[in-house]
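Here's the structure, in structure tokens; my notes come after.
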Amino acid sequence: MSSTSGKPLPSRMTLQLLKQKRTNAFLGYSLLKRKSDALTSKFRKLLKDTIEGKEKVIEGFNEASYALANAVWSAGDFKSLVVESVGRSAVTLRVRTENVAGVIIPHFELKIDPTVDVIANIGLTTGGNVIHSVKTAHVEFLQTLAELASLQVSFMMLEQEIKMTNRRVNALDNLVIPTIDEHVEYIKRELDELEREEFYRLKMVRNMNQDDDVPARSATPTKAGECGAQSQSADGSRMIFGHVDEDIVV
């Protein structure tokens with residue numbers, strides 16, 4: 462078995478951990494994909510609303526400008542009177558949040574205090590109704606601006622979140638999961654090679670044990686025959702095959 466740099470340790474424990482990691486990667490890929498789809502759907506709706514909001518802002522600006530010009534023509538320049546009458550703000554901006562697929566986006570709302578009216582006593586004798594129409598047109602214009610600001614900020618935040626989510630999805634799909642699959646296949650090949658090596662080693666050991674047993678069994682009766690062929694009698698004479706070999710004197 463050869464070791465390759467950058468490869469995991471080929472063991473069954475590592476294989477099990479990689480399989481679990483692969484399962485988690487697929488789960489994360491599925492969740493991020495659904496998040497990206499939800500954000501994209503909301504993003505398209507915001508894009509449509511933003512385009513419509515910009516058109517409304519242009520229309521509101523034209524109406525407010527026309528109403529102001531008409532009031533100035535009817536009642537004269539009343540800017541200084543309005544500035545002197547301001548005590549506290551009649552319009553405040555509130556921010557509430559909305560959760561879209563885990564992304565917190567802001568939503569701006571205008572709150573108008575009806576008790577504060579800086580133009581109540583302006584133009585009573587010269588065009589009071591025209592001045593009130595200026596107030597109404599500008600309040601509507603401010604509300605349209607607040608809605609457009611909410612749409613624009615939400616649009617930019619969702620755009621950044623979609624880009625980041627898509628990068629994560631692409632990384633899981635094109636890098637993380639294929640790398641895990643490659644490591645799993647590598648460990649499987651190495652484990653199969655280890656099993657073949659172990660089987661071959663056990664087979665060689667068994668064959669060597671069998672070869673050692675054959676000479677031992679064949680050598681045992683030969684040695685016993687030699688002991689029976691040549692033996693000595695009790696008086697010291699040699700016996701060959703059970704007969705006394707007498708000494709010959711010449």
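All you need for the numbering used here is the position in the sequence shown, starting with 1, plus 461.
Here a beta-carbon is modelled for each residue, glycine too, at the ideal position from N, C-alpha and C.
Can you list, in chain order, the residues of its chain whose CB lies under 8 Å from that of residue i, leaving out five sequence neighbours each side?
i      : result
Ala486 : Leu633, Val637, Ile638 and Ile641
Lys515 : Leu609
Ser463 : A caution first: Ser463 carries a pLDDT of 42, below 50, which makes its placement in the model unreliable, though a value can still be read off. Within the same chain, Ser463 has no close Cβ partners at all.
Leu479 : Pro469, Ile641, His644, Val645 and Ile648
Phe522 : Phe602
Val552 : Leu571, Lys572, Ile573, Asp574, Val600 and Leu603
Please go through the same chain and pick out, in chain order, the residues whose beta-carbon is closer than 7 Å to the beta-carbon of residue i, but skip the five residues on each side of it.
i      : result
Thr501 : Ile623
Asn627 : Ser497
Arg629 : Leu493
Thr475 : Pro469 and Ile648
Gly489 : Leu633
Lys503 : Val561 and Leu619
Using a 10 Å radius around the Cβ and a threshold of 16 neighbouring Cβ atoms, would you call residue i buried or exposed?
i      : result
Thr605 : buried
Val666 : exposed
Ile519 : exposed
Lys506 : exposed
Ser550 : exposed
Gln477 : exposed
Lys664 : exposed
Phe660 : exposed
Leu493 : buried
Val595 : buried
Ile592 : buried
Ser615 : buried
Leu619 : buried
Lys509 : exposed
Less than 6 Å between C-beta atoms, sequence neighbours within five positions excluded: which residues of the same chain meet that for residue i?
i      : result
Ala499 : Ala562
Glu524 : Ala598
Lys684 : Note that Lys684 has pLDDT 49, beneath the 50 cutoff, so the model's placement of it is unreliable and the number below is only indicative. Same-chain partners within the cutoff: there are none.
Ser526 : none
For the beta strand (DSSP E) holding residue i, just list the boundary residues, first then last.
i      : result
Lys468 : Looking at the DSSP string, Lys468 is not in any beta strand (DSSP E), and its letter there is neither H nor E.
Asn560 : Val552 to Val561
Val637 : Looking at the DSSP string, Val637 is not in any beta strand (DSSP E), and its letter there is neither H nor E.
Leu571 : Val564 to Ile573
If you check the beta carbons only, do residue i and residue j fall under 8 Å apart?
i      : j      : result
Phe569 : Ala610 : yes
Tyr647 : Lys468 : yes
Leu603 : Thr511 : no
Val556 : Ile573 : no
Ala528 : Leu571 : no
Does the beta carbon of residue i come closer than 8 Å to any beta carbon on chain B?
i      : result
Lys624 : Here chain B cannot be found, since the structure has a single protein chain.
Checklist entry - Would the segment 563 to 571 and the segment 469 to 483 be scored as touching if the rule is three or more Cβ pairs under 8 Å? => result No, they do not touch.
Checklist entry - Touching or not, the segment 470 to 480 and the segment 651 to 664, by the rule of three or more beta carbon pairs under 8 Å? => result The way I'd put it, the segment 470 to 480 does touch the segment 651 to 664; three or more beta-carbon pairs between them come closer than 8 Å.
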